[in-house]
Amino acid sequence: MENLEKKTAAFAELLEIIATLRVECPWDKKQTMESMRSLSIEEVYELGDAILAGDMEEVKKELGDLLMHVVFYAQIGEEQGRFDISGVLEGICEKLKYRHPHIYGDVKVRGEEDVLRNWEQLKLKENGRRHRVLEGVPASLPALVKAYRIQDKARGAGFDWEKREDVWAKVKEEMQEFETEWQQADEQRMEEEFGDFLFSLINAARLYGINPENALEKTNAKFIRRFGYLEEHARLQGKELKEMSLEEMEACWQEAKREER
């Protein structure tokens, strides 16, 4: 209970600080939900970077920044007479209890899959009306993340492969369809088929328990690291990258890979 009191006191202090800043700070009192939106998106990405880097001190810091944004939005809502932080907290508590009937009700589950299926089905019935399965996927999500969420939500509704290995036939099929359009030199169809191919690869990643966004970001970081090694190698030789042959670049690239091991 003492630890809970400490957490409650810290949260209360943050609420008080934000309320004060909204009155006394020239910058803070000018902000709106719209002006804060892009900053909040940036904070989420910074948290994601910290998580991928495994830097727990930075994760703690970014969580603080993100929590500040939540409180800031709630303060604006209170000033407008729309809602306050109590309503935000009560709403999420109510939602979590409703979507976990196996904890707060008498529903029996056999494992994670049942929990996820119940979650999606209950979500469809919220607010006294049936929602469409995919309408909860934000339109502004990056395309790769959106594809993953679309597939995951479809799975929650029971629309998925019976055996995950069957997805590879679909991947090959989509790749062949892209190759056909490439041979026809139809740029519009090439783009469409390449999108289908990417979608099938993301589906394969999901089925094998790989988050494609995290996987691609780690590959991006690896490429940047190795390309930096290549640039440094060229600099030490007194060369520009464009002055190196592809064979030299490849040899240096392989050396960078060996260094990583």
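In the working numbering, the protein residues as written are 43 to 303.
Note that CB positions come from ideal geometry on N, CA and C, so glycine has one too.
What you are looking at is a predicted structure, and each value in this text was computed from that prediction instead of being measured.
Residue environment, residue i, which counts as buried when at least 16 other CB atoms sit within 10 Å
i	result
valine 86	exposed
glutamine 230	exposed
serine 242	buried
proline 180	exposed
alanine 51	exposed
valine 149	exposed
threonine 209	Note that residue 209 corresponds to valine in the displayed sequence, not to threonine. So valine 209 ends up on the buried side.
glutamate 168	exposed
As assigned by DSSP and simplified to three states, the class of residue i
i	result
methionine 291	helix
glutamine 226	helix
alanine 257	helix
glycine 90	helix
glycine 178	coil
cysteine 18	The chain is shown only over 43 to 303; residue 18 falls outside these bounds and no answer can be derived.
proline 184	coil
tyrosine 146	helix
CB contact flag (residue i, residue j, <8 angstroms)
i	j	result
isoleucine 244	leucine 186	yes
methionine 110	leucine 57	no
alanine 199	valine 175	yes
aspartate 126	glycine 119	yes
alanine 92	glutamate 104	yes
tyrosine 140	arginine 206	no
leucine 283	glutamate 292	no
alanine 257	alanine 247	yes
Any chain B beta carbon closer than 8 angstroms to residue i
i	result
leucine 138	Going by chain labels, chain B is absent from the structure shown, which holds only one protein chain.
Proximal residues to residue i (C-beta, below 7 angstroms), its chain only, five neighbours per side dropped
i	result
leucine 288	none
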